[in-house]
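Going by this note's numbering, the residue at position 283 of the sequence shown is 283; the numbering climbs one at a time, nothing skipped.
Beta carbons are placed, not taken as given, at the ideal position from N, Cα and C, and that holds for glycine.
This structure is a prediction, so every number in the text was calculated from the model and none was measured.
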Amino acid sequence: MSYAYTPGLQIKKATIIRKTRILPVKGKVLVKEGDIVKNETVIAQSHVPGDVITVPLAYRLGILPSDLRKAMLKKEGDIVKKGEVIARTKGFLGLGKSEYKSEIDGSIELISDVTGIVAIREAPRPIKVRAYIPGKVVKVIPDFGAVIETTGAFVQGIFGFGGERWGELMIIAEPDEVVTEKHIGKDCAGKILVGGCSIRGDALKKAESIGVKGIISGGIRSRDVTEFLGYEIGVAITGHEPTNLTCIITEGFGEMKMSRRTYDLLRSLEGELASINGATQIRAGVIRPEIIVPREDVKDEEISLKTEDEHLKFGMTIGTRVRIIRNPHFGKLGKIVGLPPELQKLETESYARVAEVELDDGSRVTVPRANVEIVEE
């Protein structure tokens with residue numbers, strides 16, 4: 001039998017979810033194994049070194065670099081405050097004195113009597129890592145963080161932007177509606193909104209202005225993303241955009257009706273607290289935007305215990321549910337009805353193995369196997 005090893009998107013009503021929460025540098029872990037945590041619980045904290053600012057101080061004071069140390073009122077390692085005088089010249093007979101006040105809080109990193117430069121390192125910045133999901137601490141990573149486990153629904157999207165946030169799910173539109181600012185009212189503040197085949201730029205702006213935590217929609221036009229963020233997103237990892245709103249797209253770019261399975265699952269969880277993260281690695285597809293809805297009422301028999309690797313180890317077979325990820329059928333859902341073993345000639349004149357897909361509307365298309373991904377259910 002012919003197999004295709006294809007990445008998949010997960011849509012699970014109930015599964016065990018584990019999140020590793022770690023600091024970028026060594027710090028102090030504030031939880032222990034067995035602790036019950038909430039979304040906002042601080043798991044670990046530390047400080048990261050500040051940036052170094054270089055000042056051509058000899059030039060500023062009008063002296064030779066070799067005379068810089070004589071003019072310094074602070075030495076290397078000393079703490080300085082913004083506005084504090086750190087260097088002063090005596091002038092001649094009390095005339096022509098000059099001084100320099102630090103422009104930042106920090107410490108003296110370097111005084112060079114060769115170049116006349118003084119380097120000031122900004123004060124260390126405190127960093128905190130929060131749990132992000134409510135659950136139980138199942139493992140402590142000394143000096144760095146912990147692993148949090150919870151049980152609930154888990155949905156991956158195709159594209160997103162904005163970082164980690166949490167709030168109650170609220171349905172605002174049907175799967176085939178275009179979401180505009182008219183769909184968003186004051187009652188949406190603090191919520192994660194769900195619905196639509198596309199979300200317009202005016203809706204994103206209004207949502208952010210009233211304090212909406214996130215929006216989940218089937219599709220979005222690239223120009224609406226650019227209009228909202230003020231710049232085009234490239235091929236890097238998203239998730240660190242300067243916005244207070246997280247957006248997750250479940251199907252693709254353009255007007256893409258949200259899949260019925262995804263919509264029905266999220267509708268059934270309306271009012272529940274969800275955690276979302278729009279981080280996406282666009283080119284490689286390694287990082288997917290995610291929606292996590294912890295559930296306390298899950299029965300053991302409902303839980304999917306299989307890992308993603310176990311789900312996909314046999315790859316794509318007849319009947320496998322897939323989504324097409326390239327034009328002209330981008331975002332359409334269907335099932336595999338044929339996997340011809342021989343190479344097929346494509347429109348580009350190249351040869352590749354293909355998959356025959358029966359779309360949800362009943363039509364059939366033939367596409368390269370690399371142009372589909374498994375929808376894991």
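- Ala58 sits buried, since 16 or more C-beta atoms from the chains shown fall within 10 Å of its C-beta.
- The alpha-carbon of Lys182 is positioned some 8 Å away from that of Ala203.
- Within a 10 Å sphere around the beta-carbon of Lys139 sit fewer than 16 other beta-carbons, which makes this residue exposed.
- In this structure, Cys247 is the residue among Val29, Ile16, Ala236 and Cys247 with its C-alpha nearest to the C-alpha of Gly214.
- Boundaries of the beta strand (DSSP E) harbouring Leu110: Gly106 to Ile111, taken from the DSSP string.
- By alpha-carbon distance to Gly62, the top candidate from Glu84, Thr89 and Gly157 is Thr89.
- The straight-line gap separating the alpha-carbon atoms of Gln45 and Pro24 is approximately 10 Å.
- If you check the CB distance, Ile11 and Leu265 come in under 9 Å.
- Note that the stretch 214–229 does not touch the stretch 133–148; fewer than 3 beta-carbon pairs, one per stretch, sit closer than 8 Å.
- Per DSSP, the continuous beta strand (DSSP E) segment holding Glu99 begins and ends at Glu99 to Lys101.
- At the C-beta level, Val354 and Val375 stay beyond 9 Å of one another.
- Within 10 angstroms of the beta-carbon of Lys257 lie 16 or more other beta-carbons, which makes it buried.
- Our two residues, Ile158 and Thr280, have alpha carbons roughly 8 Å apart in a direct line.
- Looking at the DSSP output, Tyr351 sits in a beta bridge with Lys345.
- One Cα belongs to Gly116, the other to Ala123, and the distance between them is close to 23 Å.
- Remark: C-beta atoms of Gly77 and Ser107 approach each other more closely than 9 Å.
- Looking at Ile199, Glu296 and Arg130, the one whose alpha-carbon comes closest to that of Gly254 is Ile199.
- Bounds of the beta strand (DSSP E) holding Ala87 are Val85 to Arg88.
- With fewer than 16 other Cβ atoms from the protein chains shown falling within 10 Å of its own Cβ, Thr348 counts as exposed.
- When secondary structure is reduced to three states using DSSP, Glu181 falls in the helix class.
- Counting only residues of its own chain and dropping the five nearest sequence neighbours on each side, Val129 has a CB closer than 6 Å to the CB of Arg21, Leu23, Ile43, Ala44 and Gly145.
- Under the three-state reduction of DSSP output, Lys205 falls in the helix class.
- Between Ala153 and the set Gly163, Lys345 and Val298, the nearest pair of CA atoms involves Val298.
- In this structure, DSSP gives Asn327 a state outside helix and strand, which the three-state scheme calls coil.
- As computed with DSSP, Phe159 is found in a beta bridge with Ile249.
- If you draw a 10 Å sphere on the C-beta of Leu64, you find fewer than 16 other C-beta atoms in it, and that means exposed.
- DSSP places Ala123 outside both helix and strand once states are collapsed to three, so it counts as coil.
- Residue nearest to Met170 within the set Gly185, Glu164, Val178 and Gly163 is Gly185 (criterion: CA-CA distance).
- Uninterrupted alpha helix (DSSP H) stretches at least 4 residues long and entirely within the stretch 225–274 occur at 260–268, given in chain order.
- Nearest neighbour of Asp51 by Cα position, chosen from Cys197, Arg125, Glu272 and Glu84, turns out to be Arg125.
- With respect to Arg121, Pro175 sits apart: the two C-beta atoms are not nearer than 9 Å.
- For Leu169, there is no enclosing alpha helix (DSSP H); the enclosing beta strand (DSSP E) has its first and last residue at Glu164 to Ile171.
- Taking the CA atoms as reference points, Pro142 sits about 40 Å from Ile86.
- According to the DSSP assignment, Leu333 belongs to no alpha helix (DSSP H) but to the beta strand (DSSP E) extending over Leu333 to Gly338.
- Look at Pro65 here: in three-state DSSP terms it is helix.
- For Gly167, the closest C-alpha among the options Gly234, Val178, Ile324 and Tyr132 is that of Tyr132.
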